[in-house]
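Trainee: Sharing a structure below in structure tokens format, with a few things to ask.
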Amino acid sequence: MSLVLQDVGLGVPGATVLDAVSLTLERGTLNVLLGPTLSGKTSLMRVMAGLDRPDRGCILLDGDDVTGVPVRRRSVAMVYQQFVNYPTLSVYENIASPLRIAGLPRAERDARVAEAARLLRLEPLLRRLPGQLSGGQQQRTAIARALVKRASLVLLDEPLANLDYKLREELREELPPLFARTGAILVYATTEPMEALLLGGRTSTLWEGRVTQSGPTAEVYRRPNTLEAARVFSDPPLNELDADVLPGLAPGAARLGFRAEHLSLGPPPPGRLGFEGRVSVTEITGSESFVHVDIGAETWVALLPGVVDLPPGQAVQVHVHPSQVMAFDGAGQFVPAAEQPMAEAVA
Amino acid sequence: MNARRAILLTYLLALSLPIYWLVNMSFKTNTEITAGVSLWPHAPTLANYVRIFTDPSWYSGYINSLTYVVINTALSLACALPAAYAFSRYRFLGDKHLFFWLLSNRMAPPAVFALPFFNLYSAVGLFDTPWAIALAHCLFNVPLAVWILEGFMSAVPREIDETAQIDGYSFPRFFGRIFLPLIANGIGVAAFFCFMFSWVELLLARTLTTVNAKPIAAIMTRTISAAGMDWGLLAAAGVLTLLPGALVIWFVRNHIAKGFALGRV
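For the protein sequence lines, the chains are A and B, in the order given.
For the first sequence, our numbering assigns the number 20 to the initial residue and increments by one for each residue that follows.
For the second sequence, our numbering assigns the number 2 to the initial residue and increments by one for each residue that follows.
Given below as structure tokens:
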């Protein structure tokens, strides 16, 4: 079982929504679509589901072309970012809805709803209407409806984005195993790099309607093959600088970048690249501090453990190890670093 | 607080005074009505009502009116529901212009259409039937119902339609089982307005009927006889004309209250 997208394109008047997207998603895998808002995640999912028909390209499910097949004839389930349930039906009827349409016998239907309700802790709420539930319970109802259908393609479009922090952590851990058991192709869209890393599986980064990179999540994180993929997969944003500041680090490179957690504060120890700048803002979460430093025209962020309280305008030194610096050429493609990088530089 | 209550009370009294006077008159004899001011019937009589309920030329007016009003309300909703769904969910060439044009039908005075309708219905044999009036009133009520329902439908997230598609609902099943209950308030409001507009419209109703389908409002205009005006009878007929509207409001009052708060009214 696999879902293959071949050269899928979609446009609206005046803009390209999806640009030559080719992807292969295997059965039983968790696939994260990672990209900022308007990068085409939702459009891609709608095309996968069959809600929108692509302008170009085709979609193959198990080798069969399903490009024009109406969505109700496909084995698809979808959970939206907004909590979408049928407001006039009880939680039980909401969950049972796809089974009722499929004409499952009552006993089987009851059993499946009961199981989904148990897994998502909705048992005491089955008789209520969605409007009487909290946001988390509403979204769990939507997830339960997607679960009972046992669809071969399950699309989760930022399912946790509108939930509070605690509930998100809880559901994020519970969700993938729930669907993994059904052997479905699970697709999970998110804007947050951290969520992609916590989920694991495979990640495809999206940027302006193009898939910039696809692969095992940790690998895509460690070695983004384009500047856009690196930007998408960095939160706080990627610290960037022009390559000519550090000539010799990577021949042919135009732009260098590294992540906030690799930037340290203080005088550079031997073997690390040092820079001088001024603090612009410090954000403190308690366990971590985000120190924003102006280096020339660029603003970098250093992610430091604990509370680091620096007043704005204070002169600081920062440093990064050359091996953490990724180099990209003029077209944004990854460039391997030189064998022996420059030992030290001060900008 | 007391001043507020007094103002409210005065307002309510002013509002209900004409209605009270009508009810008051309907229980009086013509002699008492013409004799002078009396705040309540001194010699209460039901004769006016008995006359209306026993004389076919009177009660058939009510039956005729109710018939075409109910037909019109059902027709208007049946046409407006699919149309409003299309306006709410699909983009097509000229959709916005068409939507506005629909409403502009309401701006023309009914008198403009009286003659063409008269000629058309005479030609096709619909003249002097409830269907003639019911169809003529659709000209005003379908656009109104489309306009009201479109507002309610657009308030329902499109994702619900899509979720139903994903769940495997066919369109008719989705529309009947999921979508209509969601816009029940809107349907209540639209039905109320269709009913009321059709019920109070006089010009087309009178022009398009002669004997068999004559509406009550037309019958009421012909109570003047050689013996003078039958005031008591007219008042009783007026009271009975108020009742259907009051009943409809009573039944859809919850929907209307919610509808006014939610939708496009």
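Idealized CB from N, CA, C, for every residue including glycine.
On a predicted model such as this, the values are computed, not experimentally measured, just so you know.
Anything in the segment 144 to 178 of chain B with a Cβ closer than 8 angstroms to a Cβ of chain A? List those residues in chain order, please.
Mentor: For the segment 144 to 178 of chain B, which is checked against every Cβ of chain A, the residues closer than 8 angstroms are PRO158, GLU160, ILE161, GLU163, THR164, ALA165, GLN166, ILE167, ASP168, GLY169, TYR170, SER171 and ARG174.
Trainee: Chain A partners of B/LEU183, CB-CB under 7 angstroms?
Mentor: What B/LEU183 touches in chain A: PRO106 and THR107.
Trainee: If A/ASP176 sits next to A/MET67, beta carbons under 8 angstroms apart, how far is it from one beta carbon to the other, in whole angstroms?
Mentor: So it is not a contact: roughly 10 angstroms between Cβ atoms.
Trainee: Within the 9 angstroms Cβ cut-off, does A/TYR99 reach chain B?
Mentor: Judged by the 9 angstroms Cβ criterion, A/TYR99 is in contact with chain B.
Trainee: For A/SER116, decide whether its Cβ has a neighbour in chain B, counting only Cβ atoms nearer than 9 angstroms.
Mentor: Yes, because at least one Cβ of chain B sits closer than 9 angstroms to the Cβ of A/SER116.
Trainee: Let me know if A/LYS60 comes out buried or exposed under the rule of 16 or more other beta-carbons within 10 Å of its beta-carbon.
Mentor: A/LYS60 is buried by the Cβ-count criterion.
Trainee: List the residues of chain B that A/VAL95 touches, going by C-beta distances under 7 angstroms, in chain order.
Mentor: Going along chain B in sequence order, the residues near A/VAL95 (Cβ under 7 angstroms) are ILE167.
Trainee: Just checking: is the beta-carbon of A/ALA364 within a distance shorter than 9 angstroms of some beta-carbon in chain B?
Mentor: Note that A/ALA364 scores 46 on pLDDT, short of 50, meaning its location in the model is unreliable and no value can be drawn from it.
Trainee: Express the C-alpha separation of A/SER21 and A/VAL95 in angstroms, rounding to a whole number.
Mentor: A/VAL95 and A/SER21: Cα-Cα distance of roughly 13 angstroms.
Trainee: Could one say the Cβ of A/LYS60 lies closer than 9 angstroms to chain B's Cβ atoms, at least one of them?
Mentor: Taking Cβ atoms only, chain B never reaches closer than 9 angstroms to A/LYS60, which makes this a no.
Trainee: With A/VAL90 and A/LEU70 assumed to form a contact (beta carbons below 8 angstroms), what rounded beta-carbon distance in angstroms separates them?
Mentor: So it is a contact: roughly 6 angstroms between Cβ atoms.
Trainee: When the cut-off is 9 angstroms and only beta carbons count, does A/PRO73 lie next to chain B?
Mentor: With 9 angstroms as the cut-off, A/PRO73 does not count as an interface residue toward chain B.
Trainee: Reducing DSSP to helix, strand and coil, say where B/PHE172 ends up.
Mentor: The answer is helix: DSSP assigns B/PHE172 an H, G or I state.
Trainee: Report the option in B/HIS138, B/TYR86, B/PHE100 and B/HIS43 whose CA atom is closest to the CA atom of B/VAL157.
Mentor: Out of B/HIS138, B/TYR86, B/PHE100 and B/HIS43, B/TYR86 has the C-alpha closest to the C-alpha of B/VAL157.
Trainee: In or out: B/ILE250 buried (at least 16 other Cβ within 10 Å) or exposed?
Mentor: It counts as exposed.
Trainee: Is B/MET230 helix, strand or coil by DSSP?
Mentor: Looking at B/MET230 - three-state DSSP - the assignment turns out to be strand.
Trainee: Under 9 angstroms between beta-carbons, which chain B residues line up against A/LEU182? List them in chain order, please.
Mentor: None at all; the shortest Cβ gap to chain B is about 17 angstroms.
Trainee: Is the distance from the Cβ of A/VAL327 to the Cβ of A/HIS311 below 9 angstroms?
Mentor: Contact flag unset, no.
Trainee: Can you round the beta-carbon distance between A/PRO331 and A/VAL298 to whole angstroms, since I take them to be within the 8 angstroms contact cut?
Mentor: Yes, A/PRO331 and A/VAL298 are in contact; Cβ-Cβ is about 6 angstroms, under 8 angstroms.
Trainee: Quick one: complete beta strand (DSSP E) runs, 3+ long, within the segment 44 to 83 of chain A?
Mentor: The segment 44 to 83 of chain A contains these whole beta strand (DSSP E) runs: 49 to 53 and 75 to 80.
Trainee: Give me the Cα-Cα distance between B/ALA258 and B/THR211, rounded to the nearest whole angstrom.
Mentor: Going from the Cα of B/ALA258 to the Cα of B/THR211 covers about 39 angstroms.
Trainee: Let me check understanding here. Comparing Cα to Cα, which of A/PRO235, A/VAL339, A/GLU189 and A/ASP183 lies closest to A/LEU265?
Mentor: Of A/PRO235, A/VAL339, A/GLU189 and A/ASP183, the residue nearest in Cα terms is A/VAL339.
Trainee: Between the beta-carbon of A/THR222 and the beta-carbon of A/THR236, is there less than 9 angstroms?
Mentor: Against a cut-off of 9 angstroms, the Cβ pair of A/THR236 and A/THR222 comes out as a contact.
Trainee: Using the beta-carbon of each residue, which ones in chain B are nearer than 7 angstroms to A/ALA121?
Mentor: Result: GLY169.
Trainee: Of all the CB atoms in chain B, is at least one closer than 9 angstroms to the CB of A/LYS168?
Mentor: Closer than 9 angstroms to some Cβ of chain B, the Cβ of A/LYS168 qualifies, so yes.
Trainee: Is it right to say A/VAL239 is buried, meaning 16 or more other beta carbons lie within 10 angstroms of its own, or is it exposed?
Mentor: Buried is the call here.
Trainee: With distances taken from CA atoms, which of B/ALA124, B/TYR122, B/PHE100 and B/TRP59 is nearest B/VAL147?
Mentor: Ranking the options by Cα distance to B/VAL147, first place goes to B/PHE100.
Trainee: Just tell me which of A/ASP74, A/THR35 and A/ILE78 has its CA closest to the CA of A/SER58.
Mentor: Of the candidates A/ASP74, A/THR35 and A/ILE78, the one whose C-alpha sits nearest the C-alpha of A/SER58 is A/THR35.
Trainee: Please classify A/ARG164 as buried or exposed, where buried requires at least 16 neighbouring CB atoms within 10 angstroms.
Mentor: Label assigned to A/ARG164: buried.
Trainee: Closest to A/PRO190 by CA distance: which of A/THR43, A/LEU139 and A/ALA273 is it?
Mentor: In the sequence under discussion, the amino acid at residue 190 of chain A is Leu, which differs from the Pro named in the question. For the residues A/THR43, A/LEU139 and A/ALA273, the minimum Cα distance to A/LEU190 belongs to A/LEU139.
Trainee: From the DSSP secondary-structure annotation, give me the bridge partner or partners of A/PRO288.
Mentor: A/PRO288 is not bridged to any residue.
Trainee: Tell me the DSSP bridge mates of A/ARG221?
Mentor: BP columns for A/ARG221 point to A/ASN50 and A/PRO235.
Trainee: Of the residues B/LEU94, B/PRO245, B/ALA7 and B/LEU14, which one's Cα is nearest the Cα of B/PHE194?
Mentor: Ranking B/LEU94, B/PRO245, B/ALA7 and B/LEU14 by Cα distance to B/PHE194 puts B/PRO245 first.
Trainee: Return yes when the Cβ of A/VAL251 is within less than 9 angstroms of the Cβ of A/GLY54, no when it is not.
Mentor: Closer than 9 angstroms, so yes.
Trainee: Alpha carbon to alpha carbon, what distance is there between B/VAL113 and B/VAL51?
Mentor: Cα-Cα distance, rounded: 38 angstroms.
Trainee: Using beta-carbon positions only, say whether A/LYS185 and A/ALA121 come within less than 9 angstroms of one another.
Mentor: No. Outside cutoff.
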